[in-house]
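Worksheet: the structure to be examined is printed underneath.
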Amino acid sequence: MDSRNTWIVVIVAAVLVGLALVCCVALGSGLLLWTRPSVGGLQSQDYVSNGQTIYFTGRNQQGQRIPFDGAPMWLYMHGGSCASCHGADGRGGAPVMMGTEIPGDIRYHHLIDEEHEEGEEHPPFTDETIKRAITLGLDPAGEPLDLTMPRWRMSDQDLDDLIEFLKTLDGDD
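The numbering of the sequence shown is my numbering, which starts it at 3 and goes up by one.
See below:
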């Protein structure tokens with residue numbers, strides 16, 4: 003390769019590395035938001051409960067990031083929370099980047115409802131099976147949820163607080 007071609011390769015490589023760095027910084031700072039926005043402009047101190055804080059930020063009120071396994075790569079890079087996929091209202095229904103399934107409605111009354119939507123082949127959720135879905139990625143029948151569902155590793159208290167918050171998402175259908 004002559005020196006002219008070498009310089010072209012070096013310039014192109016430098017531009018690509020620069021673009022990658024800009025994207026990483028933008029993702030880390032929240033400038034590029036691949037997920038749906040959470041509640042309009044609320045800061046962590048504005049959340050009224052630990053469960054609400056977890057739902058919208060993926061952190062508890064002590065500021066600790068809730069670790070997880072699985073999930074799309076963007077969730078590791080950008081961070082995320084329940085609201086990132088299921089929406090601020092918990093209704094789900096919109097595809098997420100790199101997802102293979104459309105996130106479901108996780109409002110409490112919907113999860114525990116005896117009458118299921120077409121295609122749901124499991125019994126209704128209980129508090130215990132909701133916890134199992136959040137932490138192990140299993141539906142009430144013990145079948146695995148889609149791999150885009152993170153398997154959150156949270157304390158029992160954080161899990162209880164999150165379920166209490168899900169109960170507040172009940173609203174008119």
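Beta carbons: idealized from backbone N, C-alpha and C, even for Gly. In this text, all values refer to a predicted model and were calculated from it rather than measured experimentally.
Give the range of the alpha helix (DSSP H) segment to which residue i is assigned.
i: F58; result: 52-59
i: H80; result: 75-80
i: Y110; result: 110-114
i: I1; result: The structure shown does not extend to residue 1, since the chain is modelled only from 3 to 175, so the question has no answer here.
i: T150; result: Note, T150: premise wrong, no alpha helix (DSSP H); not H, not E.
i: E1; result: No answer is possible for residue 1: the residues shown for the chain start at 3 and end at 175.
i: S83; result: Looking at the DSSP string, S83 is not in any alpha helix (DSSP H), and its letter there is neither H nor E.
Find the nearest neighbour of residue i within the set the options, judged by alpha-carbon distance.
i: R67; options: F167, L164, M156; result: M156
i: Y110; options: H124, T128, N7; result: T128
i: D160; options: M151, Q63, T150; result: Q63
i: G106; options: K169, D148, T8, W76; result: D148
Between the C-alpha atoms of residue i and residue j, what's the straight-line distance to the nearest angstrom?
i: G139; j: L171; result: 21 angstroms
i: Y49; j: T102; result: 31 angstroms
i: I114; j: Y78; result: 30 angstroms
i: R194; j: A85; result: No answer is possible for residue 194: the residues shown for the chain start at 3 and end at 175.
i: A135; j: H124; result: 13 angstroms
i: D91; j: E145; result: 26 angstroms
i: R61; j: T55; result: 6 angstroms
i: E130; j: I13; result: 56 angstroms
i: T59; j: V11; result: 42 angstroms
i: D162; j: K169; result: 11 angstroms
i: R93; j: I108; result: 6 angstroms
i: G42; j: S5; result: For G42, the pLDDT reaches just 43, beneath the cut-off of 50, and the residue's location in the model is therefore unreliable, leaving the point undetermined.
i: A73; j: G95; result: 17 angstroms
i: N7; j: M75; result: 35 angstroms
i: S40; j: W9; result: At S40, the pLDDT of 38 sits below 50, so the modelled position is not reliable; the number obtained from the coordinates is stated separately. Approximately 45 angstroms between the Cα atoms of the pair.
i: I104; j: H112; result: 16 angstroms
i: L29; j: D71; result: Because L29 sits at a pLDDT of 44, beneath the cut-off of 50, its placement in the model cannot be relied upon, and the following sentence gives the value as read from the coordinates. For L29 and D71, the distance between alpha carbons rounds to 20 angstroms.
i: G82; j: T137; result: 16 angstroms
Please work out which residues of its chain come closer than 6 angstroms, Cβ to Cβ, to residue i, disregarding the five sequence neighbours upstream and downstream, and give them in chain order.
i: V98; result: C87
i: P142; result: H124, P125, F127, T131
i: M151; result: G139
i: K133; result: L161
i: S69; result: It should be pointed out that residue 69 corresponds to Pro in this sequence rather than to Ser. Cβ within range, chain order: R155.
i: L164; result: G53, I56
With 9 angstroms set as the bound, which would you pick, yes or no: does the beta-carbon of residue i sit closer than that to a beta-carbon of chain B?
i: V50; result: Looking for chain B here will not work: only one protein chain is present.
To which residues of the same chain is residue i closer than 8 angstroms at the C-beta, ignoring the five residues directly before and after it?
i: M100; result: P74, M75, W76, T150
i: D158; result: none
Between which residues of its own chain and residue i is the CB-CB distance below 7 angstroms, once the five residues before and five after are set aside?
i: F167; result: S51, G53, Q54, Y57
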